[in-house]
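**Q**
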Amino acid sequence: MNLLAELVFVRPDLSLSALLPLAVMGLLMVGALLLELKPSTDSRRSVSMLFASLGLFGLIAYLLHQPNSLATHSFNAMLASDQFSRAAGVLIATCALLAILAGQEELERYGNRHSGEFVALILGASIGMVLMSSALNAIVLFLGLELFSIALYLLCIFFPEREASQESGIKYFLLSSAASAVLLYGLALLYGATGTTWLSEMAAQPERLTSPLAMAGAVMVLGGLLFKLAAVPFQFWAPDVYQGAPTTVTAFMSVATKVAAVIALWRFFVDVPELGSRITFVLMACSLLSMLLGNLLALAQKNVKRMLALSGVGNAGYILIAPLIGMEMEVPLLFFLAAYLFANMGAFLALAKVEEILNRDVTRADLRGLSRSHPALASVFGLSLLSLAGIPPAGGFLAKFYLFGSAIATPFAVLPAIGIVCSLIGAAYYLGTAVTLFDAKEATEFDGLVVTEPVEEEPPTSMTSVALAICAAGILVLGLMPGQLMSWLAGTAF
Amino acid sequence: MSVFNLDTLLLLPFAAALAMAFMNDRGARTFGVVFTFVQTVLAGYLASGNIPLETLAVKRLWIPQMGLSWSLGLDGANLWLVALTPLLTGLALLTVSERTERIAFYSANLMLLNAMLSGLFLAQNLGLFYVFFEGMLIPGALLVAGWSVKNGRETAVRFLLFTLVGSLPMLLGVLVLAFAGWGTDGTPNLDFTNLVGLPRATQLFLFIPFALAFLVKMPVFPLHGWLPPLYRNAPASTVAVVAAMMSKAGAYGLLKVGLTVFPLAMVEYLNILGTLAVISLLYGAYAALGSDSLREVLAFSSLSHMAMIALGIVTLTEAGTAGSVLQMAGHALATGGLFLAVALMEKRGMPDELRRFGGMANLTPKFTVLVLFLVLASLGQPGLGSFPGELLILTGVYDGYPVIAVLACLGIILAAAYMLRWYQTIFTGDLGTFRPPSDLRGRELAVLLVPVALSLVMGLAPSIFLQPIQAWVAGVL
Chain H
4 MNLLAELVFV RPDLSLSALL PLAVMGLLMV GALLLELKPS TDSRRSVSML
54 FASLGLFGLI AYLLHQPNSL ATHSFNAMLA SDQFSRAAGV LIATCALLAI
104 LAGQEELERY GNRHSGEFVA LILGASIGMV LMSSALNAIV LFLGLELFSI
154 ALYLLCIFFP EREASQESGI KYFLLSSAAS AVLLYGLALL YGATGTTWLS
204 EMAAQPERLT SPLAMAGAVM VLGGLLFKLA AVPFQFWAPD VYQGAPTTVT
254 AFMSVATKVA AVIALWRFFV DVPELGSRIT FVLMACSLLS MLLGNLLALA
304 QKNVKRMLAL SGVGNAGYIL IAPLIGMEME VPLLFFLAAY LFANMGAFLA
354 LAKVEEILNR DVTRADLRGL SRSHPALASV FGLSLLSLAG IPPAGGFLAK
404 FYLFGSAIAT PFAVLPAIGI VCSLIGAAYY LGTAVTLFDA KEATEFDGLV
454 VTEPVEEEPP TSMTSVALAI CAAGILVLGL MPGQLMSWLA GTAF
Chain Y
576 MSVFNLDTLL LLPFAAALAM AFMNDRGART FGVVFTFVQT VLAGYLASGN
626 IPLETLAVKR LWIPQMGLSW SLGLDGANLW LVALTPLLTG LALLTVSERT
676 ERIAFYSANL MLLNAMLSGL FLAQNLGLFY VFFEGMLIPG ALLVAGWSVK
726 NGRETAVRFL LFTLVGSLPM LLGVLVLAFA GWGTDGTPNL DFTNLVGLPR
776 ATQLFLFIPF ALAFLVKMPV FPLHGWLPPL YRNAPASTVA VVAAMMSKAG
826 AYGLLKVGLT VFPLAMVEYL NILGTLAVIS LLYGAYAALG SDSLREVLAF
876 SSLSHMAMIA LGIVTLTEAG TAGSVLQMAG HALATGGLFL AVALMEKRGM
926 PDELRRFGGM ANLTPKFTVL VLFLVLASLG QPGLGSFPGE LLILTGVYDG
976 YPVIAVLACL GIILAAAYML RWYQTIFTGD LGTFRPPSDL RGRELAVLLV
1026 PVALSLVMGL APSIFLQPIQ AWVAGVL
């Protein structure tokens, strides 16, 4: 009897709000696989893609509809449900939605029927990324990291008949596994120093974080996360992997990985201030060098995909300004990521379309005169590049304005100043490319493509067009009417 | 609230540009001309003085987190620029050749440029001002890249890079003003009214990037590298709007931002700015004298005249500043008109090398008379548009800096020399190899008559134009 009295019923610490994005994506993933058990005869109509897109759309709409002010956690304080995790849910789900919509055409181009697997892998990667962004515990964080990394290895190599794709997959697999191992070892060292895997408990014992052991751990964790962000000094893999991977996958990973990695970085180095204060100098150097090196190398690139990959390194440098400063940079960071999402995915997806038209890798000179044969495509491409360059009225302008502006009244004012210099370098290749699209004086390769059918571009039902339209709309809404999204990100009512 | 307000005035051209992008070629151009006419009439009505200008001001929240608001206002500084921008755009649309490719898209871009410029002139918030200052690069670059005679891509990229080298540092200045806590209550607020009375040290430091941006846009020697290729290669109707109105964006920025936000810095840097302006004035005149290219003479003459406007602004005297504001309108009519004339003749296959011209007065008498008026207006003939402005500027300069005034007068004499040489080479003497097939007809005559007539009004009755300007100048100085 006594025994029974002492038995206390522990209510499981389960909150649906933290689990919801993960659960929905998981269900969609399973659903997509089941739906493709019997491959459809008509490759243009993939049921799984439609199913997953609608599901993701619903998820995004639901998340945006929910108020964003509460910060709770669940699963024994392993998963957060806060500003960052909800924003990551929305951003990563949007990336996945765009990639799934646009992936259809690329699959078709290579005669690949495995659209169910493609969808499932994208969703699997998204689950890993959201998990990583919500993690308050080092083990959960690593779980998320590995989950999305494995899915991305497979996605990089999804068209094995392409040699570049194989190279990309292997390269990413080898280098990324090494980075993951370094990160894992760093986590182990931190555990050794503090005796806990919970970040909040690490923060509660700052005296233990001053040991060399903890320092070594922190640097290794930072290295692993910088690798995922494609920031200097771990940027070298990005051009090769991005170039070889299917362009839709490149678009997805170039944005979504950065979202997950920078939020994890925030949870480690801002929410555990003792760790952050010790690596400030390193992080600052990484940010500066990423901005400079990324933009300078991109300037020299002829290949558009490599150029965009290296510009991603530069953008990683801008992104790093936020965790470096910490408090009050949450909304500028998330807003920047949202603007980067639409601009970068818009550019990559438009590039995928051009690759399909020309059926080869695209150099900057190849783009000459695209606006004449494909005005809508060229407009979206141009708008995306404009946003990446940070020219109003595109969303990228306000994003930079907000991020750099919020940083300018802090001791780190030199970073936005250098950032603006780098934006100028960036403008040289972004706008140079954008101008090429609209330069139509001499005959171009595209001319031959339109002679037979003058205005007919693509059947309006093409899912890539839908994805590109979403990107264009996103860029313009963020540039002209960002009020609602900004209030949502800030968690204030609107 | 009546529909005759500044919101309508500014949203109208944006909506028109969007609609025109989806129209067919013929419809788009006609629609554009009608819309710019409506916009001009609306601007003229608002400017006519029936409504007190202060009551027109509009202010709405846009992005309070960043200090950006939708603030528009009409005053003596921007009044005539706001009215002239749609007028010149409409005239430029009328000169677009039927043989131009994708006229609808071309016209839409010209309309967008008009909209961006109107926004820039109307903006009463520094952030909004910056948005339009950068935003006008988009239609500008598209027009140059897509329709240049040659080297479109290179010209456009050069234009973009020069402008951005100036304006990105300015962005840094805007960010500091927004976020470094000079707002009245600590929240970012970039309204011009809120940026008055900054500490002296702040002004001295922050004015530098702003001045750089405006001097590149104007442009002033040695920051003018984008100007000669653009004026030489871009389609003439685009150059007409760029030379007439876009160049004013820089001068207007110096006037508006300089005098309202950085008055102490303007005093401090007066000598440097004045010297730059005089050098630019003489350099432009010298280069125009030596050029064998029809468009290049006009380009360098524009450079020289813009320097005169800059000189008037930086004197910080009532006469000089008012003269500059007036001369912005006078120069817009003269230079804009001359490039419209170029556009009309290039439709008839006109070459660019001056040595291929001669004796055109006998072949195209109507064209010759109208161009002569514009040439005289441009070189500051009394009775025409540029005279009262330049006279006021020189009076203002002479008050404090007689030496500079003498040098500026030299510039005016040189202007007479190169403009008359230009006119003589083309229109008098023996017949050259270029023989235009026809003189101007109907609509084309109207295109040149409008700037000539307005220039005459401005030259004969400058007080109509000067009244609101003087009221504004007295308020800021």
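From first to last, the protein sequence lines are chains H and Y. Each residue of the first sequence is one higher than the one before, starting from 4 at the first, in this note's numbering. Each residue of the second sequence is one higher than the one before, starting from 576 at the first, in this note's numbering. Virtual Cβ for every residue (Gly too), placed ideally from N, Cα, C.
Check whether the Cβ of H:Thr439 lies closer than 8 Å to any Cβ atom in chain Y.
**A** yes
**Q** Under 8 Å, do H:Ser409 and H:Pro485 count as touching if we go by C-beta distance?
**A** no
**Q** Using the rule of at least 16 other Cβ atoms within 10 Å of the residue's Cβ for burial, across every protein chain shown, is H:Ala496 buried or exposed?
**A** Residue confidence is low: H:Ala496 scores 48 on pLDDT, short of 50, so the model does not pin down where it sits. Its coordinate-derived value is still stated next. Its Cβ having fewer than 16 others within 10 Å, H:Ala496 is exposed.
**Q** Do H:Ala350 and H:Phe441 have their beta-carbon atoms positioned less than 8 Å apart in this structure?
**A** no
**Q** Taking the C-alpha atoms as reference points, what is the distance between Y:Ala667 and Y:Arg1016?
**A** Straight-line measurement puts the Cα of Y:Arg1016 at about 16 Å from the Cα of Y:Ala667.
**Q** For Y:Glu928, list the residues DSSP reports as bridge partners.
**A** Y:Ser868
**Q** Measuring alpha carbon to alpha carbon, tell me which of H:His377, H:Asp85, H:Ser257 and H:Leu124 ends up nearest H:Tyr343.
**A** H:Ser257
**Q** Using a Cβ distance threshold of 8 Å, determine whether the stretch 802 to 812 of chain Y contacts the stretch 911 to 920 of chain Y, with at least three qualifying pairs required.
**A** yes
**Q** If the cut-off is 8 Å on Cβ atoms, which residues from the stretch 422 to 435 of chain H count as contacting chain Y, listed in chain order?
**A** Answer set for the stretch 422 to 435 of chain H: Ile423, Val424, Ser426, Leu427, Ala430, Ala431, Leu434 and Gly435.
**Q** For the beta strand (DSSP E) holding Y:Arg635, just list the boundary residues, first then last.
**A** Val633 to Ile638
**Q** Can you tell me where the alpha helix (DSSP H) with Y:Ala990 in it begins and where it stops?
**A** Pro977 to Phe1002
**Q** Going by DSSP in three states, Y:Leu801 sits in which element: helix, strand or coil?
**A** The sequence given here has Trp at residue 801 of chain Y, not Leu. Coil at Y:Trp801, not helix or strand.
**Q** Could you tell me the distance, in whole angstroms, from the CA atom of H:Leu212 to the CA atom of H:Val222?
**A** 12 Å
**Q** Count the other CB atoms within 10 Å of the CB of H:Asp85; is the residue buried (16 or more) or exposed (fewer)?
**A** buried
**Q** Would you tell me roughly how many angstroms separate the C-alpha atoms of H:Leu418 and H:Met294, rounded to the nearest one?
**A** 9 Å
**Q** Is the distance from the Cβ of H:Gly220 to the Cβ of H:Gly189 below 8 Å?
**A** Cβ distance < 8 Å, so H:Gly220 and H:Gly189 count as in contact.
**Q** Output yes or no for whether 8 Å exceeds the beta carbon distance between H:Val316 and H:Gly297.
**A** yes
**Q** Under 7 Å Cβ to Cβ from Y:Met595, same chain only, skipping five residues before and after it: list those, please.
**A** Ala603, Phe606, Gly607, Ala679, Ser682, Ala683 and Met686
**Q** Buried or exposed: where does Y:Asp867 fall if 16 or more other Cβ atoms within 10 Å of its Cβ makes it buried?
**A** exposed
**Q** Measuring straight from C-alpha to C-alpha, what distance separates H:Glu195 and H:Leu216?
**A** Residue identity check: residue 195 of chain H is Gly in the sequence provided, not Glu. The C-alpha of H:Leu216 is placed about 8 Å away from the C-alpha of H:Gly195.
**Q** Put H:Asn140 into one of helix, strand or coil per three-state DSSP.
**A** Three-state result, H:Asn140: strand.
**Q** DSSP three-state label for H:Pro457, please.
**A** For H:Pro457, the pLDDT reaches just 41, beneath the cut-off of 50, and the residue's location in the model is therefore unreliable, leaving the point undetermined.
**Q** Using a 10 Å radius around the Cβ and a threshold of 16 neighbouring Cβ atoms, would you call Y:Tyr620 buried or exposed?
**A** exposed
**Q** In whole angstroms, what separates the C-alpha of H:Phe60 from that of H:Val480?
**A** 18 Å
**Q** Using a Cβ-Cβ cut-off of 8 Å, state whether Y:Glu871 counts as contacting chain H.
**A** no
**Q** Taking Cβ to Cβ, would you say Y:Pro763 is nearer than 8 Å to Y:Gly651?
**A** Between Y:Pro763 and Y:Gly651, the C-beta spacing is not below 8 Å.
**Q** So, using beta-carbon positions, are H:Val365 and H:Leu354 closer together than 8 Å?
**A** Yes, these two residues count as a Cβ contact at 8 Å.
**Q** Any C-beta of chain Y sitting closer than 8 Å to the C-beta of H:Pro485?
**A** Interface flag for H:Pro485 against chain Y is set, since a Cβ pair is found closer than 8 Å.
**Q** Tell me, to the nearest whole angstrom, how far the beta carbon of H:Val133 is from that of H:Ala91; I am working on the premise that it is less than 8 Å.
**A** The C-beta separation of H:Val133 from H:Ala91 comes to about 6 Å, placing the pair in contact by the 8 Å criterion.
**Q** Within 10 angstroms of its Cβ, does Y:Ile1039 collect 16 or more other Cβ (buried), or is it exposed?
**A** exposed
**Q** Take the Cβ of Y:Phe708 as the centre, count every other Cβ of all protein chains shown within 10 Å, and call the residue buried at 16 or more, exposed below.
**A** buried
**Q** Quick check on Y:Gln640 - is its C-beta less than 8 Å from some C-beta in chain H?
**A** yes
**Q** Sort out for me which residues DSSP pairs H:Trp498 with in a bridge.
**A** A query on residue 498 of chain H cannot be resolved here, the shown segment of chain H reaching from 4 to 497 and no further.
**Q** According to the neighbour-count rule (16 or more other Cβ atoms, all chains shown, within 10 Å of its Cβ), is H:Glu456 buried or exposed?
**A** With a pLDDT of only 41 at H:Glu456, under 50, the local geometry of the prediction cannot be trusted, and no value is derived from it.
**Q** Within 8 Å of any Cβ in chain Y, is that where the Cβ of H:Leu336 sits?
**A** no
**Q** Quick check on Y:Ala652: does DSSP put it in helix, strand or coil?
**A** coil
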